[in-house]
Amino acid sequence: GAVVSQHPSWVICKSGTSVKIECRSLDFQATTMFWYRQFPKQSLMLMATSNEGSKATYEQGVEKDKFLINHASLTLSTLTVTSAHPEDSSFYICSASPTGQKIYNEQFFGPGTRLTVL
Amino acid sequence: QKEVEQNSGPLSVPEGAIASLNCTYSDRGSQSFFWYRQYSGKSPELIMSIYSNGDKEDGRFTAQLNKASQYVSLLIRDSQPSDSATYLCAVTLQAGTALIFGKGTTLSVSS
């Protein structure tokens, strides 16, 4: 149980194009999903918190117009990197928190999407 | 500023030994505590969660929590080369909120 998928697992695109990454919880519903970015040899950096049916909450320094997040259902959140540039090349990882947890707040990570912008 | 501190390592242990990983956190309101394992190039994998003071054992892993000291640890018994990875400590305040991660401790188990 508690499986999270991401698609695509890797993507290479040209500078200036947009890339959409999907995050799905396969066997549970997730009211809340989180998007992280990780550069080589660095820790995870939280980008935004995505809540089903409402606007995402972005961390300080993350451009909401560049990183568009849509949490359209209880099992799907998408991250769109608009007008991607080489500095956006990174490992993007989502996590999902099962709906109904009142205390424990376990979160399960997707396998990640490696984005390379040429 | 909510912080989670870990020794970055690397922590090197021989195969079969006990590896001890430590973590401290700054926010006394933290309620849930987690250890994730991350292999190079992969996403984090949840290996232990702990919510109350004391020890919690799962196979070769034991998590220890001391809320008074704001301290969480992970013991790995009979360490194997396959345990070589970065171990991330994470805490959270309440359900639905983001995890706060430490920078991770790199563990190397030599055969």
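Protein chains in written order, with my numbering: chain A, 895 to 1012; chain B, 5 to 115.
Idealized CB from N, CA, C, for every residue including glycine.
Who are the near neighbours of residue i in its chain, counting only those whose CB is closer than 6 Å to its CB and skipping five residues on each side?
i, result
"residue 112 (chain B)", "14, 16 and 88"
"residue 929 (chain A)", "941, 942, 973 and 988"
"residue 1001 (chain A)", "989 and 991"
"residue 110 (chain B)", "13, 14 and 90"
"residue 177 (chain B)", "With chain B covering only 5 through 115, there is no way to say anything about residue 177 (chain B)."
"residue 918 (chain A)", "899, 969 and 970"
"residue 7 (chain B)", "30"
"residue 944 (chain A)", "927, 950, 963, 965 and 971"
"residue 960 (chain A)", "976"
Going by DSSP in three states, residue i sits in which element: helix, strand or coil?
i, result
"residue 921 (chain A)", "coil"
"residue 85 (chain B)", "helix"
"residue 48 (chain B)", "coil"
"residue 982 (chain A)", "helix"
"residue 969 (chain A)", "coil"
"residue 55 (chain B)", "coil"
"residue 935 (chain A)", "coil"
"residue 908 (chain A)", "coil"
"residue 926 (chain A)", "strand"
"residue 959 (chain A)", "coil"
"residue 31 (chain B)", "coil"
"residue 896 (chain A)", "coil"
"residue 1005 (chain A)", "coil"
"residue 989 (chain A)", "strand"
"residue 1012 (chain A)", "coil"
"residue 22 (chain B)", "coil"
"residue 11 (chain B)", "coil"
"residue 66 (chain B)", "strand"
Residues of chain C with a CB under 9 Å from the CB of residue i: which are they?
i, result
"residue 928 (chain A)", "Although the question refers to chain C, the structure presented lacks it and instead comprises the protein chains A and B."
Closest to residue i by CA distance: which of the options is it?
i, options, result
"residue 42 (chain B)", "B:71, B:93, B:64 and B:24", "B:93"
"residue 2 (chain B)", "B:22, B:30 and B:50", "Lying before the first or after the last residue shown, residue 2 (chain B) is absent from chain B, which here runs from 5 to 115."
"residue 991 (chain A)", "B:50, B:28, B:11 and B:6", "B:50"
"residue 898 (chain A)", "A:910, A:916, A:909 and A:906", "A:916"
"residue 984 (chain A)", "A:1010, A:926 and A:954", "A:1010"
"residue 911 (chain A)", "A:935, A:1006 and A:979", "A:979"
"residue 1004 (chain A)", "A:982, A:921, A:907 and A:906", "A:921"
"residue 937 (chain A)", "B:105, B:11 and B:115", "B:105"
"residue 931 (chain A)", "A:919, A:963, A:982 and A:960", "A:982"
"residue 101 (chain B)", "A:907, A:967 and A:927", "A:927"
"residue 98 (chain B)", "B:48, B:26, B:18 and B:34", "B:34"
"residue 964 (chain A)", "A:947, A:954, A:953 and A:957", "A:947"
"residue 62 (chain B)", "B:39, B:19 and B:115", "B:39"
"residue 57 (chain B)", "B:74, B:64, B:65 and B:44", "B:74"
"residue 64 (chain B)", "B:71, B:107, B:81 and B:76", "B:81"
"residue 993 (chain A)", "A:939, A:967, A:914 and A:913", "A:967"
"residue 23 (chain B)", "B:86, B:96, B:107 and B:103", "B:86"
"residue 1006 (chain A)", "B:44, B:28 and B:21", "B:44"
The ligand FMN and residue i: does the residue's C-beta get closer than 7 Å to at least one heavy atom of that ligand?
i, result
"residue 958 (chain A)", "Absence of the ligand FMN is noted for the structure shown, with no ligands found whatsoever."
For residue i and residue j, which I take to be in contact (beta-carbon distance under 8 Å), what is that distance rounded to the nearest angstrom?
i, j, result
"residue 69 (chain B)", "residue 37 (chain B)", "6 Å"
"residue 924 (chain A)", "residue 969 (chain A)", "7 Å"
"residue 11 (chain B)", "residue 77 (chain B)", "The Cβ separation is near 11 Å, so there is no contact."
Kindly list the residues whose CB is nearer than 7 Å to the CB of residue i, restricted to its own chain and excluding five residues on each side of it in sequence; keep chain order.
i, result
"residue 999 (chain A)", "991"
"residue 908 (chain A)", "1012"
"residue 47 (chain B)", "none"
"residue 84 (chain B)", "19 and 113"
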